[in-house]
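Before any comments, here is the structure.
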Amino acid sequence: MAAVTRLVKRASPSLSVSSTAARRLFCSESSSPAPPQDHFHAPQRKDPKDRNVQWVFLGCPGVGKGTYASRLCNLIGVPHIATGDLVRHELASKGPLSSQLSEIVNQGKLVSDEIIISLLSKRLADGEAKDETGFILDGFPRTISQAEILERVIDIDLVVNLKLQEEALLAKCLGRRICNQCGGNFNVASIDVKGENGSPGMSMAPLLPPAHCMSKLITRSDDTEAVVKERLRIYNEMSKPVEEFYRSRGKLLEFNLPGGIPESWPKLLQALNLDDYEEKRSAAA
Ligand code: ADP
3 MAAVTRLVKR ASPSLSVSST AARRLFCSES SSPAPPQDHF HAPQRKDPKD RNVQWVFLGC
63 PGVGKGTYAS RLCNLIGVPH IATGDLVRHE LASKGPLSSQ LSEIVNQGKL VSDEIIISLL
123 SKRLADGEAK DETGFILDGF PRTISQAEIL ERVIDIDLVV NLKLQEEALL AKCLGRRICN
183 QCGGNFNVAS IDVKGENGSP GMSMAPLLPP AHCMSKLITR SDDTEAVVKE RLRIYNEMSK
243 PVEEFYRSRG KLLEFNLPGG IPESWPKLLQ ALNLDDYEEK RSAAA
């Protein structure tokens, strides 16, 4: 444990191992076999009926993982944990890791497993301290080794794989805008992809910000054409195999986005069997 903690501290000196969830993740990073759970004083894994959902959202850059995951989190009442947001937060904090991270992110490369796991562990520890239960993970796991580490410590109930034609992904990333005041995500791209080889065409209207956000819009520094292309290439090489990892475990739900939010959101709720969630919840109350 001490060796692993040292390893993580070296990779990310600003972070410390402070909770059972964090310790469990760190220790699974060790090359030695995962020690028994009670060695870390970890809480027992909860029965799914005694906790909220533990889901993962997979999908290429620009597919809309953040948009749909955060909407679902609001609906179900679980935290949305996006590792990309954790990385950007660390970057903005100008801590000891930020210059190293900015170079990696702005080249479209993946941050090392050690750093990403330490950021995620810290986030889980903070959630544990606040008695959070359940989550939707967005952007993690992104490599087979991250998926293996996660599998050793946390039960994932379901993995949603969002899919969109590649042509739309680049346009969506380039059209992405964020309000630097409220943090809202918008998109100025108007997408119209022709149907091909039996697959249907698809159009997506821009998602424009309200007037008060208009002058505060910023673009992510990694949403340039060259960097998005590199992120897509890395996704196909490093993250696609994660789909198969979960498919072979019977946990993968494939979801082809039929269009923008108005078309896709109700269909996604149907696919997740949540279309009458609000009604069921108020009936149960
Ligand atoms: P994307 O739009 O490419 O899905 P994200 O917002 O999820 O972008 O992530 C932004 C960047 O943060 C990634 O390009 C990568 O550098 C880093 N990152 C996020 N999650 C991970 C992860 N699980 N493993 C490694 N790097 C990550």
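Be aware that the sequence shown starts at 3, since it is given in the working numbering, and climbs by one per residue.
Even glycine gets a Cβ: it sits at the ideal position worked out from N, Cα and C.
Counting only heavy atoms of the ligand ADP, the residues whose C-beta sits closer than 5 Å to one of them are, along the chain, Pro63, Thr85, Gly86, Val89, Val107, Leu112, Val113, Ile118, Gly141, Phe142, Arg144, Arg233.
Rounded to the nearest whole angstrom, the CA to CA distance from Arg47 to Ile158 is 11 Å.
In this structure, Tyr248 sits near Val161, with a CB-CB distance shorter than 8 Å. Taking the Cα positions, Ile78 is about 18 Å away from Asp49. When Leu88, Leu139, Ser205 are compared, the shortest CA-CA separation from Gly197 is found for Ser205. Per DSSP, the unbroken beta strand (DSSP E) holding Asn189 starts and ends at 187-189.
Rounded to the nearest angstrom, the gap between the Cα atoms of Leu103 and Ser192 is 31 Å. With 16 or more other Cβ atoms inside 10 Å of its own Cβ, Pro63 counts as buried. For His82, the enclosing beta strand (DSSP E) covers residues 82-84. Its chain contains Cys62, Leu234 as the residues whose beta carbon lies nearer than 8 Å to that of Glu168, once the 5 sequence neighbours on both sides are disregarded; these appear in chain order.
Around the C-beta of Pro81, 16 or more other C-beta atoms lie within 10 Å, and the residue is accordingly described as buried. If you ignore the 5 residues before and after Ser223, its C-beta comes within less than 7 Å of the C-beta of Asn108, all in its own chain and listed in chain order. Secondary structure within the segment 82-159: the alpha helix (DSSP H) runs of 4 or more consecutive residues, fully enclosed, are 85-94, 100-108, 115-131, 146-155 (chain order). Ile83 counts as buried, since no fewer than 16 other beta carbons sit within 10 angstroms of its beta carbon.
Arg90 and Cys181 have their C-alpha atoms some 14 Å from each other. Under DSSP, Asp194 takes part in a beta bridge, and its partners are Ser205. Judged by DSSP in its simplified three-state form, Val161 adopts strand. Shown here for Ser266: same chain residues with a beta carbon closer than 8 Å to its own, the five before and five after excluded, namely Gly66, Tyr70, Leu259, Pro260 in chain order. Val229 sits in a helix when the DSSP states are folded into three classes. Between the C-alpha atoms of Ile220 and Glu232 there is a straight-line separation of about 21 Å. Taking all protein chains shown into account, Glu92 has 16 or more neighbouring C-beta atoms within 10 Å of its C-beta and is therefore buried. Secondary structure at Asn76: helix, using DSSP grouped into helix, strand and coil.
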